[in-house]
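Only one structure is covered here, and it is reproduced in the block below.
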Amino acid sequence: MTAGQELDPLPDGVLDKLREVSTSTIATQLYKRGFRQPQLLGVKPLSRVVDGFVGEAFTMRFIPMREDVDGLDPYRSGNTLQWDAFEALQPGQVLVVDSYRTPTAASGGDMLMTRAWKRGAAAVVTDGGLRDGHVLAQLPFPTYASQVTITTRAAQHHVADLNVPIGCAGVAVYPGDVLVGDRDGVLVIPRHLASEIAEQGYEQEQLEAYVSTKIHAGEPLAGNYPPGEDTIAEFKALREESSGG
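If you're matching positions, the sequence shown starts at 43 in the working numbering and goes up one per residue.
Rendered as structure tokens:
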């Protein structure tokens with residue numbers, strides 16, 4: 043996708059179904075399709091009160107600041123793209139920030155994260171740092187970063203682009219891609235795969251819940267994990283029985 047390109051809406055229920063699927067299961071589904079590393083490595087949850095999120099990517103790209111371009115007051119010097127991004131966020135979108143893996147200055151802090159929350163955004167994710175970690179820990183809004191950084195964004199970063207393809211923690215993110223986060227981290231689902239991964243991931247989640255009961259009961263891995271034909275047949279029979287089929 044390029045800037046300004048319109049996206050078709052995702053089918054109804056896709057994001058809700060993805061909320062029922064763990065990141066580990068989604069990673070397995072992506073692996074089956076040849077995507078070996080969809081996780082934003084090193085990006086960790088800062089909130090202690092929110093467990094995760096599902097949302098569609100709205101991207102922001104940083105480059106290093108330069109003294110002849112970036113004054114000490116970026117807002118008054120004309121580079122307002124950071125504020126523009128937060129004011130443009132739509133409900134259900136996740137702001138994904140390419141901080142080129144540099145946490146020496148924060149990608150934002152309490153005020154901007156609160157604005158994203160009030161805009162109805164799903165989350166804010168950066169491969170750099172975020173400020174005000176003690177506040178973000180208690181904010182009922184998902185924030186993910188590589189670390190807490192006190193230094194203001196303008197000391198290191200210049201906001202170069204909004205809603206363009208970026209790299210975040212080494213993973214390509216295109217506007218409209220679906221990001222899923224939980225306590226284990228964040229991963230990226232290419233938008234065109236979101237629907238089938240939601241369906242098949244949900245099925246895998248249900249099957250693995252059944253497999254887990256067998257492993258916890260002391261049964262061996264062989265034939266159970268990964269599930270063999272007999273285990274799959276048992277699972278399907280029990281599901282049909284419980285649904286009255």
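Cβ atoms here follow ideal geometry from the backbone N, Cα and C, with glycine treated the same way.
Contact check, residue i vs residue j, beta carbons under 8 Å
i, j, result
"I105", "H200", "yes"
"G97", "D140", "no"
"V206", "L60", "no"
"V166", "L137", "yes"
"R195", "A147", "yes"
"L229", "T65", "yes"
"S254", "P184", "no"
"P133", "G162", "yes"
"Q242", "Q71", "yes"
"F128", "R157", "yes"
"T273", "G265", "yes"
Neighbour-count burial assignment, residue i, 16 or more Cβ in a 10 Å radius
i, result
"G170", "buried"
"L172", "buried"
"V56", "buried"
"A197", "exposed"
"A214", "exposed"
"S285", "exposed"
"V111", "exposed"
"I257", "exposed"
"G150", "buried"
"P87", "buried"
"P262", "exposed"
"A101", "Sequence inspection shows Thr at residue 101; the Ala mentioned does not correspond to that position. Buried: at least 16 other Cβ atoms inside 10 Å."
"C94", "A small correction: the amino acid at residue 94 is Gly; Cys does not occupy that position in the sequence shown. It is buried - the Cβ of G94 has at least 16 other Cβ atoms within 10 Å."
"R281", "exposed"
"P268", "exposed"
"L49", "exposed"
Of the residues the options, the one placed nearest residue i, counting alpha carbons only
i, options, result
"D126", "L154, L49, R108", "L154"
"G142", "A165, Y117, P116, A202", "Looking at the sequence provided, one finds Tyr at residue 142 rather than Gly. Checked all of A165, Y117, P116, A202; the closest Cα to Y142 is A202."
"G84", "G265, E271, Y186, E276", "Y186"
"A279", "Y252, T191, L204, P232", "Y252"
"P51", "A164, G218, R118", "G218"
"Y216", "P80, D54, V63", "P80"
"D226", "T156, R233, V92, T191", "V92"
Any C-beta of chain B under 8 Å from that of residue i
i, result
"I105", "Here chain B cannot be found, since the structure has a single protein chain."
Integer Cβ distance of residue i from residue j, believed to fall under 8 Å
i, j, result
"P116", "S237", "That belief does not hold up - the Cβ atoms of P116 and S237 are roughly 40 Å apart, past 8 Å."
Output the residue ranges of the beta strand (DSSP E) runs that lie fully inside the stretch 49-130 and measure 3 residues or longer, sorted by chain position. Counting only runs that start and end inside the stretch 49-130, the beta strand (DSSP E) elements of at least 3 residues fall at 95-106.
Entirely enclosed beta strand (DSSP E) segments - the stretch 149-237, minimum 3 residues: Along the length of the stretch 149-237, whole beta strand (DSSP E) runs at least 3 residues long occupy 165-168, 185-187, 199-204, 208-210, 213-215, 220-224, 227-231, reported in chain order.
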